[in-house]
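The structure appears right after this line, and notes come after that.
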Amino acid sequence: MDWVNAVVQGLLLGGLYALLATGLSLVFGVMRMVNLAHGDLSILAAYLALVVVSATGLNPFLAIPVVVPAMMIGGYLLQRLLLNRSVDHGPMSPLLITFGLSVIIQNVLLDVFSADSRGLDAGQIENASIHLTDAIGIGVFPSVTLLVAIGVLGGLALLLARTQLGRAIRATSDDHTAARLVGIDNRHLYAVALAIALGTAAIAGVFLGIRTTFGPSDGPIQLISAFEAVIMGGLGSLWGTLVGGMTLGVAQALGAQISPSFQLLAGHLAFLAVLIVRPHGLFAPSGARQA
Amino acid sequence: MSLLEVETVSSFYGDFQALYDVSLAVDAGETVAIIGANGAGKSTLLNIIAGLFPNRGGAIHFDGSLIDRLPTHLRVELGISLVPEGRRVFPSLTVRENLLVGAYRKRPGPWDVPAVLALFPLLSFRSDQRAAVLSGGEQQALAIGRALMSNPRLLLLDEVSLGLAPVVVGQVYAAIPAIAAAGTGVLLVEQNIEQALAAAKRVSCLLEGRIALTGSPSELSRDAIVTAYFGI
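Protein chains in written order, with the working numbering: chain B, 3 to 293; chain W, 300 to 531.
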């Protein structure tokens, strides 16, 4: 029964990984840019929530309406003022710039908030759970996380499929020169894409901060989890990202069941196994949208 | 004053000069063709007018205003639409989505999805299929339709007959009079001289980056065109 419980907990944890991974996947899809600061930006969002919570005494969930718009505006400006200067110069310069950004964010957070681990206290929901049997309990908070992840992915999928903005994003992803020829301002569109990506990263950051403690240097490990979820799911597939996140979560939970020290390694091994069997990921879209 | 006026425009790829002081004009509702061999600078000229490449020297006026420094998307806003060489439809979007995204700038005018599908009936059967699975001719029709969706005042067509079966080329060219009849100026680039002479009211021949000959198809002799085309 412990194993079944581990699988359930892993599936729920997958929601958090999917939330983390969505923005990374979107930015890569639209700009072919790997944002190495993605994990740090979601940790930054967790700290922003911490500031809001300390200043107002609000529940961290209520900080989301503040943190998400703040991160989206920040994302738009970051792309317009900094990253747009690098996207036309091959894949290397965005990598270096976002790597530098990652280092800067970590050090600023360290300077402002110290190296102590912090956490967001959401109250009783953190410990509440529904017991299906004696051995299997479904935590209310992890379930909310998964539902929010599904909601965010669903909303994003609808946006991409049904709206003119979504069509423009997909068109730019296909061919950014042809996109300019239909009148799309690709630099504005890139900034909108990063704004959406950081909005999702902000939600992920707040949920991460409620779930566990976080420190200034926790970004890169989040980035790796997000990466593994995206690659396992298949680049360019939103629902694949959810499945990738769940695969990672289940592997980690099963690993932890064997030995607590095996948790992270099990996730990485699952990632390697998927890469060997399906190098394009579990749900890679067929045809033109290949990286 | 013409709709489009290109005055003594030059262009460089690094140290290589692709265009030397090229001038031409297109009026509203007029179809003008640029012919010339591979590498003569025809596509370069269209890309400069669309704003994908910068021009060095000279000036480009559209409807009386200088547009040299405008980015591509703002030229689309003004009504300049390029059908690029190689079609470059959006492969992961459906035919209908390609057309809808073509109307991104929401310019008002006669062209909408039903009008484009009526112009190119071959597309209407495939409107919910991804553009990647279309044939070359269908993709070319889609690329033109996508450009029309912005209701352009000036339509730039780059080698629309390249790689297509003759019967399909005929279908694509049959659409041009209807487009020009709506008041749209058409500037087309062709390697196929016969096709260009049949479609255009005026023809300019580019030879190694210079305009070597210009005139109406009726007044240009076969020999003059061959000389201007090949430079012999």
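Here a beta-carbon is modelled for each residue, glycine too, at the ideal position from N, C-alpha and C.
The Cβ atoms of Ala255(B) and Phe273(B) lie no closer than 9 Å to each other. Residue-level contact check: Asp90(B) does not touch chain W, since none of the beta carbons of chain W fall below 9 Å from its beta carbon. Any Cβ of chain B closer than 9 Å to the Cβ of Tyr312(W) would place that residue at the interface, and such an atom is absent. For Tyr312(W), the uninterrupted beta strand (DSSP E) run begins and ends at 303 to 312, by DSSP. For the region 406 to 428 of chain W, there are no residues whose beta carbon sits under 7 Å from a beta carbon of chain B.
Residues of chain B whose Cβ lies closer than 9 Å to the Cβ of Ala349(W) are, in chain order, Arg182, Leu183.
Closest by C-alpha distance to Leu284(B), out of Gly236(B), Leu244(B), Met248(B), is Gly236(B). For Ala477(W), the enclosing alpha helix (DSSP H) covers residues 475 to 480.
Sequence-distant partners of Tyr192(B) (beyond 5 residues in either direction) whose C-beta falls short of 7 Å from its own C-beta, in its chain, are Val32, Met33, Gln81, Asn86, Val89.
Taken in chain order, the members of the region 139 to 167 of chain B whose beta-carbon sits within less than 8 Å of a beta-carbon on chain W are Gln166.
Taking 9 Å as the cut-off between beta carbons, the residues of the region 335 to 367 of chain W near chain B are Ala349, Gly350, Leu351, in sequence order. Pairing Ala204(B) with Leu50(B) gives a Cβ-Cβ distance under 9 Å. Straight-line spacing of the CA atoms in Ser104(B) and Asn346(W) works out to 38 Å.
Close CB contacts of Ile212(B) within its chain, under the 6 Å cut and outside five residues either way in sequence, are with Pro62, Leu122, Ala124 (chain order). Counting along the chain, the unbroken beta strand (DSSP E) around Gln316(W) starts and ends at 315 to 325. Distance from the CA atom of Gly313(W) to the CA atom of Val382(W), rounded to whole angstroms, is 25 Å. The beta carbons of Ala47(B) and Phe389(W) sit no closer together than 9 Å. A distance below 7 Å between beta-carbons, with the five flanking residues on each side excluded, links Val232(B) to the following residues of its chain, in chain order: Ala23, Leu26, Ser27, Thr243, Gly246.
For Ala511(W), there is no enclosing alpha helix (DSSP H); the residue is part of the beta strand (DSSP E) that begins and ends at 509 to 514. For Arg429(W), the pairing in a beta bridge is given by DSSP as Thr393(W). Taking 9 Å as the threshold, the shortest C-beta distance from Ile99(B) to chain W does not fall below it. Taking a contact to require three or more Cβ pairs closer than 8 Å, the region 5 to 21 of chain B and the region 193 to 201 of chain B do not qualify as touching. Gly401(W) has a beta carbon lying within less than 9 Å of a beta carbon in chain B. Taking 9 Å as the CB threshold, Asn86(B) stays off the interface with chain W.
Assigned with DSSP and collapsed to three states, Val375(W) falls in helix.
Membership of Ile359(W) in the beta strand (DSSP E) is indicated by the continuous run 358 to 361. By the C-beta density criterion, Val471(W) is buried, having at least 16 other C-beta atoms within 10 angstroms. As DSSP reads the structure, Arg182(B) sits in no beta bridge.
In this structure, DSSP gives Thr343(W) a helical state, which the three-state scheme calls helix. Glu458(W) is not a Cβ neighbour of Gln438(W), given a cutoff of 9 Å.
Here Ala151(B) has Gly17, Ala20, Leu21 as same chain residues with Cβ atoms under 6 Å from its own Cβ, once five neighbours each way along the sequence are excluded. Assignment of Ile132(B) by DSSP, reduced to helix, strand and coil, places it in the strand class. For the region 430 to 462 of chain W, the set of residues with a beta-carbon nearer than 9 Å to any beta-carbon of chain B comprises Ala430, Ala431, Val432, Ala442, Arg445, Ala446, Met448, Ser449, in chain order. The Cβ-Cβ distance between Ala339(W) and Leu505(W) falls below 9 Å.
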